[in-house]
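Inspection log for the structure reproduced underneath, given as structure tokens.
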């Protein structure tokens, strides 16, 4: 099995009206990598004293939110009653299942924010599960070829992340403070994606900087990474997801009816998504679903 490589440009936008992001998934050219169905590279950004990052209460279904913190601190609140500060080197994982809501905001006094925000589509057997939240303050870290390697999800380099996922997948952060070079063994059944978060890294012969996602189809058994200066790259992989997924706003579903129902339940405050207590501000409003049929 031979693997093909494709370069995909990220899309620039804002989250919370203040945090610049590069959206790598979904894009027109690539909807998912394994079960990874959403990838925002947020920051790095220097916040002004009067500029807060705040995202009001909003709902999710059918997915796991996976937040990897690089710089700064964010406070997570959710409708299960959890309040958790996320610090650099840590992961927050929220399993939406049948329905949950949460808010996110920078801790007051923050001057820098840098993070990766990802979603994982839940397979059909788990997408209606009871919602849950987990905080992972410690992840496997090792050194290889000048890179500090953190295993975020799945198993890599004989290290297994404690993060609970429901599909065959992997997530790795590789960081260097200077010249580094390594060869990594990959699962040939997985498709992979590499996104540089800082600096410049050559991945499989392709020079990458922030703003480009390198997609690699199944079949690749070895991956070569090299940099001549401080850099950081995120490597995602997973077995191709064999279920049709429909993404709309903050929902991951299988058909329009599920999206419409979730939208109505949230906007009418039916109680399905619970209440986020302690957040000072308005909850977000779900957009209309008139153009939903165009997202098939």
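Numbering (my numbering), first residue to last: 71 to 366. Cβ atoms here follow ideal geometry from the backbone N, Cα and C, with glycine treated the same way. Here the structure is a predicted model, which is why all the values come from computation and not from measurement.
Apart from the five residues on each side of it in sequence, which residues of its chain come closer than 8 Å, Cβ to Cβ, to residue 199?
Excluding positions up to five away in sequence, the list reads 165, 167, 168, 192.
Along the chain, which unbroken stretches of the beta strand (DSSP E) at least 3 residues long are found entirely within the region 285 to 362?
Counting only runs of 3 or more, we get 292 to 297, 301 to 308, 316 to 318, 321 to 323.
By a C-beta neighbour count over all protein chains shown, 10 Å radius and 16 as the cutoff for buried, is residue 118 buried or exposed?
Counting Cβ neighbours within 10 Å, residue 118 comes out exposed, since fewer than 16 surround it.
Are the region 287 to 303 and the region 318 to 332 touching by the rule of at least three beta carbon pairs closer than 8 Å?
Taking 8 Å as the limit for Cβ pairs, the verdict is that the region 318 to 332 does not touch the region 287 to 303.
Nearest-angstrom Cα distance between residue 127 and residue 206?
Distance from the CA of residue 127 to the CA of residue 206, rounded to the nearest whole angstrom, comes to 22 Å.
8 Å contact criterion, which residue 209 and residue 175 should meet: CB distance rounded:
Incorrect: roughly 24 Å between the Cβ atoms, too far for contact.
If contact is defined by three or more beta carbon pairs under 8 Å, each pair taking one atom from either stretch, is the region 292 to 311 in contact with the region 257 to 273?
Yes, they touch.
Provide the residue span of the beta strand (DSSP E) that contains residue 147, from first to last.
It spans 144 to 148 - the beta strand (DSSP E) in which residue 147 sits, taken as one unbroken run.
Does residue 153 pass the burial test, meaning 16 or more other C-beta atoms within 10 Å, or should it be called exposed?
Within 10 angstroms of the beta-carbon of residue 153 lie fewer than 16 other beta-carbons, which makes it exposed.
For a test of the three-state rule: what should DSSP assign to residue 254, helix, strand or coil?
Looking at residue 254 - three-state DSSP - the assignment turns out to be strand.
Between the alpha carbons of residue 93 and residue 276, how many angstroms are there, rounded?
Going by the C-alpha atoms only, they are around 20 Å apart.
Exposed or buried, which one is residue 393 when buried takes at least 16 other CB atoms within 10 Å?
Nothing about residue 393 can be read from this structure; the chain reaches only from 71 to 366.
Beta strand (DSSP E) segments (min. 3 residues) lying fully within the region 170 to 231
The qualifying runs are 170 to 176, 182 to 191, 202 to 206, 211 to 214, 217 to 223.
Look at the alpha carbon of residue 134 and the alpha carbon of residue 90, and state the distance between them as a whole number of angstroms.
Approximately 22 Å between the Cα atoms of the pair.
Can you find a CB in chain D that lies within less than 8 Å of the CB of residue 160?
Among the chains in the structure shown there is no chain D, since it carries only a single protein chain.
Identify, in the order they occur along the chain, each residue of the same chain with its Cβ nearer than 6 Å to the Cβ of residue 386, setting aside the five sequence neighbours on each side.
A query on residue 386 cannot be resolved here, the shown segment of the chain reaching from 71 to 366 and no further.
Return helix, strand or coil for residue 102, following the three-state DSSP convention.
Note: residue 102 maps to coil in three-state DSSP.
Residue 304: buried (16+ other C-beta within 10 angstroms of its C-beta) or exposed?
Flag for residue 304 reads buried.
Bridge partners of residue 81, per DSSP?
Secondary-structure assignment with DSSP links residue 81 through a beta bridge to 93.
Could you tell me the boundaries of the beta strand (DSSP E) in which residue 135 lies?
In this chain, the beta strand (DSSP E) harbouring residue 135 covers 133 to 141.
Checking 8 Å against the spacing of the C-beta atoms, do residue 161 and residue 123 come in under that value?
Annotated as distal: residue 161 and residue 123, with beta-carbon spacing of 8 Å or more.
Please state if the CB of residue 263 and the CB of residue 401 are separated by a distance shorter than 8 Å.
As displayed, the chain neither begins before 71 nor continues past 366, which places residue 401 out of reach and without an answer.
Given residue 202, which residues of its chain have a CB within under 6 Å of its CB, disregarding the five upstream and five downstream residues?
Correct list, in chain order: 165.
Exposure label - residue 308; buried when at least 16 CB within 10 Å:
Its Cβ being crowded by 16 or more others within 10 Å, residue 308 is buried.
Could you give the DSSP three-state label for residue 123: helix, strand or coil?
Residue state, collapsed to three classes: coil.
Checking 8 Å against the spacing of the C-beta atoms, do residue 149 and residue 344 come in under that value?
Remark: C-beta atoms of residue 149 and residue 344 approach each other more closely than 8 Å.
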